[in-house]
Structures are given as structure tokens and as C-alpha cells.
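By my numbering, the letter at position 63 of the sequence shown is numbered 66, and the numbering carries on one by one without gaps.
Report on one structure; see the data block that follows.
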Amino acid sequence: MLSKSDIAALSEPIKRERKPLDILMEQNQTRLAHLVPVRMGRMLESPFAYYRGTAGIMAADLATVPNSSVHMLICGDAHISNFGFYASPERKLLFDLNDFDESGYGPWEWDLKRLMASVYLAALDNKESEDTAFEITRKTSKYYRETLLEMLELDTLERFYYSVDADNILPTLTHGKMRKQFEKITNKARTRNSAQALAKFAVREENGSHRIVDQPPLTMHSDALPKDVQETLWGKYINSASSEIRYLLQSFEVVDQVLRVVGVGSVGTRCYISLLEDVNRAPLFLQIKEAQTSVLYQYGKMGSQAHIPGGNEIRGNGYRVVASQKVLQAQSDMFLGWVDRIPGHDGLPRDYYVRQFRDMKGSINLAALDANSLKGTAKLCASLLARAHAQSHRIGDIAIFAEGGKPLDIALAQWSKGYAQQCMKDFENLKYVAEKGVVPVQYGL
């Protein structure tokens, strides 16, 4: 049974050891310099946008407080905007965790705290009252606990096969506004594929092939990898892909590649889009994304290496991301693959992972949600986070905490409120130093 002291330990405020700005500046040193102002500009759009870019800061903060000691494979960046729609191999539209760049081994509650603080900030961003924000945040913990305990009633294989597709979500949505937005998002997501991306991002050349159009500074050929490096990367990716994908890709050739800016926290890392065509010029877009050391290891004091999920062998960060994604998602992109130690323009080796680009991808517009819709979205995300955590053999240990009931929900919500308020102060401080010219900023991109 969970004691009051256990609950108090999980709700203990952070004892900050490093300034957030120092961590941001340190991270910027590993990013493409001309994109750092874009990263800062995107983070300064709102306190919630700022929070999306602070996985490293939060990992450092979480390392200063007691934890559950129940370590398992976690997402590492489970904020509410890191959940979305994507296509399953069977072409069903699924909803689940999206990105796993920061995945690794850590305390289970770090993911839940990351989600809950983001819910609180999203509510305030939508002009909800502090009381409403707190209640939605508390319910987020409740939904996580309830789902985790439901998962405990299933056997291991049932938990493994459990997934949530869009067609199953819609009938459960009783709130009209949320239902309408989900219908709009899912309808749009189903149209997003390589053919649609080709029409949006590329033009046809005289020889019949296609070329991606430059849109500086967000999409640029000048930042693409050299041809010989592209060939090395492609060969390594092919070797990492599953046998059916290796066989399929024999029908395609790479015709173009650009560097493309994505997200908020990832801005400035190296992310490339490759356009492939088959003999009939039918397109396939793949995204090649840099995989840096997880913030769990770099700032969260969880260790110094990326372990294979379920084992102790040390591999590169590209493999870490892909392996973690396959564990934590109910179903994953069949084109997932990884490459390690690929030299860039500066000659330094970097790790990457590969996945499809815009394959029925869709995200919820949090700004368009009222309080009930945000609560429903938080419920869905919390439930899916619990499903991901339930893949661990330590689900029984997590369940001890999940049985903590309302006192645990309130304690975690109070912690999340306090942390969100600290993030709002950090946001104002970043805005101040940006106005003073300490950090470069480019807005509107």
C-alpha cells in the first residue's frame, strides 16, 4: 500500500541545480547555428510552446527530486502534443505517442509528470482558470491510474496487442465539439501521404522526375548531406530495415534530399527529407532525423549509454529511438530503421533514424479545445501512456503507486501546477534575455 510519505516524496518540489538558459545554450551548441534563432522563436510563441522545447531542462529538474525507483522504458518527452494520428501497416488510422527521440530508461512517473504539466499549461494557454486547469490535470493522473490497473487485469499478450484506432475513438466521444474536431483531423490525416506531399513540396523536372522546392530557411538543398554520405547512409538504413521493406525498396531510387525544419524542441537538429521514386515516378517520402543522446541520460542522470530495450547491449541512438518506438507504440511504421555514425558537413559522426514522412499524420489543435474537449484529449493521452508503460515487466510495481487513488492524483497535480508555474517564469526570463540580445531569435517561422 502506498504510504503518505511515498506520495509526499513524488510531490516534492524541484531543487534546481542548473539554470534553464544554460541548458538551452548548451543544446544550441549541437544544433545548426543558422536554425537556433528559429528554435528560440518557436519556443517564445507561448509558455506552452516553450515547455515543448524543455525536455532537457525538465529531465535535469526531475533528477533533483525523489523518484519511485521503478525504472522502465519511458518516452522521455510525453507532453500532450506528442500524441497524434498515424497509419498502421494495415492502413488503419491509429492514435498514440508519436516521437521517441528522448526515450530511454527512467522512473515511470517522469512521463506522467511531463504529460500533466503540459496539460496544465495547455489549459492556461486556452484561457481556462487555474481551478479548471488543476482539475483537468488531476483527472489526467486519474485516467492514467485507472487504465494502468485495467491493463494489469489483462495477460501480457493482450496488453501487447492492445491498440487504439480512430474508428474506435469517435463513438466514445460524447462532447460534440471534440467529436467534430476529431472527425476533421482524421479526415485530413487520411489524405496525407507521399502523393499529397509530392503535390505540396515538389515540382516536376524536364526529365519527368521531381525535385523538392526550397523554402529557406525551413527547407533547403544547400544543407543536404553530400552525395557520398547519402549513399553510405542509404546502405546502412537498408541493412537495418525489415526484410519486406528491403525487398520493396529495390523498386525505388532516391532522386532528391533536403534539410527540413520540424517541431519545436527538435529545431536545429539535422532532419532530412528524401524523395524516392519507382519506375513509374510514384513517390515515397522518408524522413531521416538526427538522434542525439536522450535527455534522460544527458541531463536526467539516468546513465551515460543507450541500452537496447530488454537488454544491456550498448548501441547507437538511432537504434535506441527505433527500438523504443516499437516497444511503446501499439503498432509502428514499417519503414523504421536506423543508421549510426554518419559524418556530416563538419566531419563529426552522428546517429539517425528513418521513418515515413506525412504518412496519414495528424495532430490535435489544442488551441481549439474547450475545457471538456481538453479533458477528453488528456484522458485519451493518459490512457495511451499507461498502455505504453504496461508493456514493462514491472507493471505490478507501478500498480502499487496507481492504487494510491485520489491522494496521489492531487499530489501529482499540485506538483505539476507548481512546475508549470515555474516554466511560465522561465518563459518570461527567456523572453527578457531575447529582448536584450543574449539569444538570437527569429519569429514567425
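Using N, Cα and C, we set each Cβ at its ideal position, and we do this for glycine too.
| Asked | Found |
| --- | --- |
| Cα-Cα separation, Gly56 to Arg207 | 36 Å |
| Span separating the alpha-carbon of His213 from that of Lys409 | 57 Å |
| Limits of the beta strand (DSSP E) - the one that Pro346 falls within | Gly340 to Pro346 |
| Thr57 (DSSP reduced to helix, strand or coil) | coil |
| Contact the segment 284-295 vs the segment 359-373: 3+ CB pairs below 8 Å | yes |
| Helix, strand or coil at Gly109 according to DSSP, with G and I counted as helix | strand |
| Length of the line joining the Cα atoms of Ser144 and Tyr123 | 12 Å |
| Cβ distance (whole Å) where Ser366 is taken to contact Ser84 below 8 Å | 7 Å |
| With 16 other Cβ atoms within 10 Å as the buried cut-off, status of Pro50 | buried |
| Backbone CA spacing between Tyr240 and Gln425 [nearest angstrom] | 42 Å |
| Among Asp400, Asp429 and Gly447, the one whose alpha carbon lies nearest that of Ile60 | Asp429 |
| Reduced DSSP secondary structure (H/G/I, E/B, other) of Arg193 | coil |
| Cβ-Cβ distance between Gly350 and Ala62 below 7 Å | no |
| Pick from Arg21, Met43, Ala11 and Leu13 that is closest to Ala437, judged by C-alpha positions | Met43 |
| Cut-off 7 Å between Cβ atoms - residues of its own chain near Gly379, not counting five sequence neighbours on either side | Leu176, His178 and Met181 |
| Cβ-Cβ separation, Phe103 to Gln394 (assumed contact under 8 Å), whole Å | Contact doesn't hold; Cβ gap of about 13 Å is too wide. |
| Buried versus exposed, by CB contacts within 10 Å (16 or more), Ser297 | buried |
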